[in-house]
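Using mature numbering (1 follows the signal peptide of the UniProt record, and there is no 0), the letters of the sequence shown correspond one by one to residues -18 to -1, 1 to 751.
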Amino acid sequence: MRLLKLAVASLALPVVLASPATIPKIENEVQKDDGGISDPAELIVDAKANSNDNNINKNDSGNSPDSAISNSEKSQEDTKKKTDEQEGETNDSIQMPSQLTMADFDSSTSKQLSFIEFYSPYCHHCKALAPIWERAYKSIYPELAKLNIQMRQVNCVESGDLCEREDIAYYPNLRLYAPARDKKTGELIPGKSKDVDGFPRSLTRTSENFVKYLKKSVAEYNAGEIDMDSASELISTDAMLDIMAGDISEPHFVTFFPATDKQWTTTESTGKSQFDKACYDCNEVKQLWDKLSNHVLSVTKTGHFNCQSNPSICKSLGFSELSKVNSKYLPKFAMFLPKRTGKIRFDYNGELSIPKMKSFVTRLFENSQYESLSARGLADVMSYRKSLPAEPLESYPKDGVVSIVFYYNEKTITEEDRAVLPYLLDYVTKSPFNVKLYTSKQDKIESNVLVQAESLVQFINYDHNEPHKQFNKAMHLATTLTSKPTLLVFKDNSLITTVFQSFAPEDIRNEKKIKEFIEDNQYPLYNELTPELLPYYFSDKTEKRADKIVVTFIDSNDAVATNKAIFNMSLAAHEYNYLKKTFYFDDLLKNRSAKDKVVAKLKQSNADSLKIIAAMRKEIPHLFTNSEVLFTYVDISKIDQFKHSAFKFNPDHYKPGDSIVISKDNRYYWDENTQGAQLTNDPHMLKPVLLSLLDSSRGPSINTKLVSSPYGGPLNFMNKIHDRGFIGYIGFFACIYFIAVIARRIVKQRRFASRQSRGIIGNNVPKKD
């Protein structure tokens, strides 16, 4: 039917088709692979009705035409200048290759890797992409023969039959084709190719990225990864029931597809998508899944379960929407573990990318082993330290490990105690950070924690102008004393070990307490702040509003300066941890002393025994977990990732080494030191600011600013009103109104008094000659 519509439209409308190379150059280099037009026949009809190519967008999930085409000559010239400076002039002597058609598509793509653009000359996104595609082709042209890859195009208006066969649902559609091989012999099949990949949607469309993608694809193809047979197995109904029950000997990572078994197998055998038209991304997701299955072979089995062939099971799993024909929902993913683990099913709801999914599977598999570690074994699984040098390390791990150790006494542990492990596994799996789960029964771990605490004091004695800090054993006991089993948290390159203080058996079995403990201690000592991590660092929870986030700006292109900045973060973090504990420990001692005095006074006055007992039972709160400070950094070289994020600070306004302190609820910030200059991550400068926020009586006050405030300078007083929102403005204008009313009354009273003073006749001023 679609072919018939194409033919009719083509006869009814004389069209002069333009290849991308002849389309007027539109200087907008930045695009996303977001899709475009869905139906070529309707596109031609729309083109006839509107020669300006406006509103041709049946299934356009990409940028609007206004974002794809510059709206002014100035912006076009600026973009062109920037592009020419970055990529240089193209070689006009290189001619673009002929476009593929139904007649030569199969024979061409069956001989070598082929990066194909399916486009329409009437598509806004295609027009914007045309000069970018041409620059990419001409820049890599000298290497194409050596790489054995080609860049070709298909005009879907001229070759509608080919685009129909290849199920092209939107424009421009960028696909990678590889020669098909016989599964038994491994030999190439003449005249046959298969769609194996697509240009990543998350990757910006630039000529530079196209070239990188081509080279990466060649490397993967030569390594046998692109056209490697999928390791995923079709899961039968009975097998799925066993997997759901945990009656398996090894983990299974399963994808649930909105398809039938026949659609999957036909797509597998032909290399062409046979999935429902409504699921535009199903074939792309399958390609990703096929690759992923070979990346995780060593840790899990992979399988695919088609919900349209097994609707009842998918419904019981909560995936009923995948059982419907023409479902628009993307496939779902879940990891199933043997029931001996304690918890069977773990859903994956993250980004659909091989690195992210592989990390999820690998980390879940490793943590589900509940590996037992010795005190020495910690150094084998992380950058465990008993001391730190007084200078930057040669390198710092980018993705810092946080190790949560279930520490127990082998003689006293019970099955009820061990029952907490599956809950720990669940909480650790949901963390976005590199959190690992282990167990240990070695007593030496306790002595190592003590050694770390003593070394921490030595590490932070860097300022010779201050009194020498001493290790306080009483304070150490107050913050680490616990019964077993308990939890210990170790972090890469950190001397700060956090202990879950359990004073009764029910403490370690309290799911809520365990969850809160992991949520509070899942952060590395220092970590790169990315848009994905913003919701984890910033929260409007009332009990966490006193916490602060220190954000330091770095430039990762300068390795030496970056290491120095991370060292400063580490030093500031260790010092603040010590000073905060000292502050709350001193406060604890004062409260205890005050309590003892109250009890003694009651005893001396022969007070009622019930009053004395009540005073003695009064609990003194341990506030050591209050006023936490987390340390992060923003890489200025990756500034673009924050353009459309919830991060409310413009990195352009800061230089490497600058720091800002932000409240956990993202309402207030401090970017000045105690002298009013720009705050940096120099520990000498950062310490008084953090101490002032911990206790305002310490040192001079610092300037508090409101995040996203429209006021500044002489209107800075308006921040207090703006901070209170709608009610604040109502109160402000009410005050102005009342002041105006009172002022008006005063003026009237003065005028009235003035008239009264003039006498009966009126003006009594002496008459002048």
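For every residue, glycine included, the Cβ atom is placed at its ideal position computed from N, Cα and C. Note that the structure is predicted; figures quoted are calculated from it, not measured.
Count the other CB atoms within 10 Å of the CB of L304; is the residue buried (16 or more) or exposed (fewer)?
Taking the first residue of the sequence shown as 1, we reach residue 304 at position 322. Buried: at least 16 other Cβ atoms inside 10 Å.
Checking the sheet assignment: what are the DSSP bridge partners for F235?
If you number the sequence shown from 1, residue 235 lands on position 253. T284, M317, per the DSSP bridge assignment.
Which residue wins for smallest C-alpha separation from E488, given the options E398, S413, L463, R680?
If you number the sequence shown from 1, residue 488 lands on position 506. With distances taken between Cα atoms, E488 lies closest to E398.
For the beta strand (DSSP E) containing K259, name the first residue and the last one.
Along the sequence shown, one-based indexing puts residue 259 at 277. It is not in any beta strand (DSSP E) - K259 carries neither H nor E in the DSSP assignment.
On the CB-based measure, 16 or more other CB atoms within 10 Å of its CB, does N155 come out buried or exposed?
By 1-based counting over the sequence shown, the position of residue 155 is 173. Answer is buried; the Cβ neighbour count reaches 16.
Does the Cβ-Cβ distance between E484 and I490 come in under 8 Å?
In the sequence shown, counting from the first residue as 1, residue 484 sits at position 502. In the sequence shown, counting from the first residue as 1, residue 490 sits at position 508. In the sequence on display, residue 484 carries Ser and not Glu. In contact: S484 and I490 (Cβ atoms closer than 8 Å).
Taking DSSP as the reference, what is the three-state secondary structure of Q94?
The residue labelled residue 94 in the question sits at position 112 within the sequence shown. Three-state DSSP puts Q94 in coil, outside helix and strand.
Checking 8 Å against the spacing of the C-beta atoms, do P374 and G228 come in under that value?
For the purposes of this step, residue 374 is identified with residue 392 of the sequence shown, where counting begins at 1. For the purposes of this step, residue 228 is identified with residue 246 of the sequence shown, where counting begins at 1. No. Outside cutoff.
At the level of alpha carbons, what is the spacing between I595 and K583?
As a working mapping, residue 595 is identified with position 613 in the sequence shown. As a working mapping, residue 583 is identified with position 601 in the sequence shown. Rounded to the nearest angstrom, the two C-alpha atoms are 13 Å apart.
Which residue wins for smallest C-alpha separation from P379, given the options D578, T411, Y508?
Along the sequence shown, read from residue 1 onward, the residue named residue 379 stands at position 397. Per the Cα distances, Y508.
Can the beta-carbon of G285 be found closer than 8 Å to that of H234?
As a working note, residue 285 is residue 303 in the sequence shown. As a working note, residue 234 is residue 252 in the sequence shown. Yes, the pair counts as a contact, with Cβ atoms nearer than the cut-off.
Which of the three DSSP states is assigned to N349 in this structure?
Position 367 of the sequence shown holds residue 349. Three-state result, N349: helix.
Distance check for I642 and D164, CA to CA, integer angstroms please.
On the sequence shown, residue 164 is found 182 positions in, with the first residue counted as 1. On the sequence shown, residue 642 is found 660 positions in, with the first residue counted as 1. D164 and I642: Cα-Cα distance of roughly 60 Å.
Check whether the stretch 467 to 476 and the stretch 334 to 343 are in contact - that is, three or more C-beta pairs closer than 8 Å.
At 8 Å Cβ cutoff, the stretches do not touch.
Kindly indicate which three-state DSSP category A357 falls into: helix, strand or coil?
By 1-based counting over the sequence shown, the position of residue 357 is 375. Three-state DSSP puts A357 in coil, outside helix and strand.
Report buried or exposed for H626, applying the criterion of at least 16 other Cβ atoms within 10 angstroms of its Cβ.
Against the sequence shown, residue 626 aligns to sequence position 644. With fewer than 16 other Cβ atoms within 10 Å, it is exposed.
Please list the terminal residues of the continuous beta strand (DSSP E) segment that includes K176.
Reading the sequence shown from its first residue, position 194 is the one you call residue 176. First-last of the beta strand (DSSP E) with K176: 170 to 180.
CB-CB under 7 Å to K600, same chain, minus the five flanking residues each way: which ones, in chain order?
By one-based count along the sequence shown, residue 600 stands at place 618. Around K600: K577.
Do L355 and V363 count as a contact pair if the criterion is CB distance below 8 Å?
Translated into positions along the sequence shown, residue 363 becomes position 381. Translated into positions along the sequence shown, residue 355 becomes position 373. Contact: yes.
So is N663 buried or exposed if we call it buried at 16+ other beta carbons inside 10 Å?
To locate residue 663, count along the sequence shown from 1; it is residue 681. Buried, by the Cβ-count rule.
At a cut of 8 Å, does the stretch 381 to 398 reach the stretch 446 to 457 through at least three beta carbon pairs?
No contact exists between the stretch 381 to 398 and the stretch 446 to 457.
Take S552 as the anchor and find which of T564, L515, L570, K473 has the nearest alpha-carbon.
Residue 552 sits at position 570 when you count from the first residue of the sequence shown. Out of T564, L515, L570, K473, K473 has the C-alpha closest to the C-alpha of S552.
Within 10 angstroms of the Cβ of P240, are there 16 or more other Cβ atoms? Answer buried if so, exposed if not.
By one-based count along the sequence shown, residue 240 stands at place 258. The residue is buried, with at least 16 neighbouring Cβ atoms inside 10 Å.
Check K418 in the structure and name its three-state DSSP category.
Locating residue 418 in the sequence shown gives position 436, where the first residue counts as 1. Here K418 sits in strand by DSSP.
In or out: I728 buried (at least 16 other Cβ within 10 Å) or exposed?
Against the sequence shown, residue 728 aligns to sequence position 746. By the 10 Å Cβ count, I728 comes out exposed.
Sorted by chain position, which residues of the same chain lie with C-beta nearer than 8 Å to I171's C-beta, five sequence neighbours on each side aside?
Here residue 171 refers to the residue found at position 189 when the sequence shown is read from its first residue. Only S92, P161, A162, R163, D164 meet the Cβ criterion.
Spatial neighbours of E169 within its chain, please: CB distance less than 7 Å, with the 5 preceding and 5 following residues excluded, ordered by chain position.
The sequence position of residue 169 within the sequence shown is 187, counting from 1. Correct list, in chain order: R163.
Counting Cβ pairs, one atom from each stretch, are 3 or more of them under 8 Å apart for the stretch 135 to 142 and the stretch 194 to 207?
The stretch 135 to 142 is not in contact with the stretch 194 to 207.
So what does W271 bridge to, in DSSP terms?
Along the sequence shown, one-based indexing puts residue 271 at 289. Paired residue(s): none; W271 is not in a bridge.
According to DSSP, which residues form a beta bridge with residue 756?
The shown model of the chain, from -18 to 751, leaves out residue 756, and the question about it has no answer.
With a threshold of 7 Å on Cβ separation, who are the neighbours of R733 within its own chain once the five nearest residues in sequence on each side are excluded?
Within the sequence shown, residue 733 is the residue found at index 751, counting from 1. Cβ neighbours of R733 beyond the five flanking positions: none.
Which residue spans inside the stretch 514 to 585 form an unbroken alpha helix (DSSP H) run of at least 4?
You should have 516 to 519.
Assuming V533 and L511 make a contact with CB atoms under 8 Å, what is their CB distance in whole Å?
Position 551 of the sequence shown holds residue 533. Position 529 of the sequence shown holds residue 511. The pair is a contact, with the Cβ atoms about 6 Å apart (cut-off 8 Å).
Quick check: is the beta carbon of I718 nearer than 8 Å to any beta carbon in chain B?
The structure shown contains no chain B; it is built from a single protein chain.
Given N204, which residues of its chain have a CB within under 8 Å of its CB, disregarding the five upstream and five downstream residues?
Here residue 204 is taken as the residue at index 222 of the sequence shown, counted from 1. Nothing listed; no residue qualifies.
Determine the DSSP secondary structure at residue 752, reduced to helix, strand or coil.
The structure shown does not extend to residue 752, since the chain is modelled only from -18 through 751, so no value can be given for it.
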